[in-house]
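To start, the structure under review is shown below, and the notes come after it.
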Amino acid sequence: MITTSPADYRAALPAGGRLLGLDVGTRTIGTALCDSGWSFASPALLVKRSKFTADKAALVALIAQQQVKGLVVGLPLNLDGTDSPRTQSTRAFARNLADLDLPILLWDERWSTAAVERQMIAEDLSRAKRAERVDKLAASYILQGAIDALASG
Numbered sequence: 014m015i016t017t018s019p020a021d022y023r024a025a026l027p028a029g030g031r032l033l034g035l036d037v038g039t040r041t042i043g044t045a046l047c048d049s050g051w052s053f054a055s056p057a058l059l060v061k062r063s064k065f066t067a068d069k070a071a072l073v074a075l076i077a078q079q080q081v082k083g084l085v086v087g088l089p090l091n092l093d094g095t096d097s098p099r100t101q102s103t104r105a106f107a108r109n110l111a112d113l114d115l116p117i118l119l120w121d122e123r124w125s126t127a128a129v130e131r132q133m134i135a136e137d138l139s140r141a142k143r144a145e146r147v148d149k150l151a152a153s154y155i156l157q158g159a160i161d162a163l164a165s166g
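Residue numbers (this note's numbering): 14 to 166.
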């Protein structure tokens, strides 16, 4: 099941469980995990993109290791809410993960990278450190937004 509805996603996970957040980029996939009670999200691995089969294998290993029950994939919409070529690519990526038999929530990520960048600049991190961490932190920001919505709904 792939949905943009937090209510439908929540219904697919009546017992909760750990979630894996994904910030799917062209060169990397930032990942984040949350606790089974959906309270807080934390950055996890950074997967360097290569062929899809290798990317998927890395995600499958993380899913098994962390006993993940669902996925939250950041959806890079245009500022006006419409789809872009990157949005279509991300939807295709999610469809290619559908055979994992985990519910997938597509979550609006329009402001995630900008918010994370502002936070790291405020913390006075160097440009190199920011580049190294931005995708994992963006995945955490995306996942936190989703679990906040799931917990309140």
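The C-beta atom is built at its ideal place from N, Cα and C for all residues, glycine as well. Source: prediction; values computed, not measured.
- The region 62–91 is shown to contain whole beta strand (DSSP E) runs of 3 or more residues at 81–88, in chain order.
- Across the structure, methionine 14 and arginine 31 are spaced so that their CA atoms are roughly 17 angstroms apart.
- Residue pairing for proline 56: DSSP places it in a beta bridge opposite Ala45.
- Closest in C-alpha terms to threonine 100, from the list Leu150, Leu90 and Arg108, comes Leu90.
- Residue environment: isoleucine 134 is assigned as exposed (fewer than 16 neighbouring CB atoms within 10 Å of its CB, all protein chains considered).
- In the same chain as leucine 88, and ignoring 5 residues on each side of it, the C-beta atoms closer than 8 angstroms to its own belong to Thr17, Thr100, Thr103, Arg104, Leu119, Trp120, Asp121 and Glu122, in chain order.
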